[in-house]
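Accompanying notes for the structure given below.
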Amino acid sequence: MHHLFDGRRRINGMRIEFDRDTCIGMFQCTAEWDAFERDEDDGKADLADSEETEEDIFVREVPDGEELDAKFAARSCPVDAIVVYDDDGEQIIP
Ligand code: SF4
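So my numbering is basically just the index in the sequence shown, starting at one, shifted up by 1201.
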């Protein structure tokens, strides 16, 4: 469920943040969660349906039922380009 707050979408569930600048295109994450897609041209992953909140920082909510996949994707990243926050906003990975 989404609420509008101060004109910005509020995320209530698990949240994932992808630092595309840090990403070195090893693509382990794409094998874990299909929200991560290969961009072979850039040598970077893309996070589908995300919002770029700062330059090269992409954020989205993790849908119900995809939490484990999202966490595995974050754990698989060798350069910690993927950060996962729980629904209280606490960083849980890495
Ligand atoms: S595992 Fe990390 S470095 Fe590899 S593509 Fe995914 S985000 Fe980028």
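Even glycine gets a Cβ: it sits at the ideal position worked out from N, Cα and C. These figures come from a predicted structure and were not determined experimentally.
Between the segment 1229-1249 and the segment 1267-1274 there are three or more inter-stretch CB-CB distances shorter than 8 Å, so the stretches are counted as touching.
Burial check for A1282: the Cβ neighbour count within 10 Å reaches 16 or more, so the residue is buried.
In this model, P1295 and D1243 are separated by some 24 Å (Cα to Cα). If you ignore the 5 residues before and after R1221, its C-beta comes within less than 7 Å of the C-beta of K1245, D1257 and F1259, all in its own chain and listed in chain order.
When rounded, the separation of the alpha-carbon atoms in I1293 and R1261 is 15 Å. Excluding the 5 residues flanking it on each side, I1225 has same chain C-beta neighbours closer than 7 Å at V1280, in chain order. The beta carbon of F1237 sits closer than 7 Å to at least one heavy atom of the ligand SF4.
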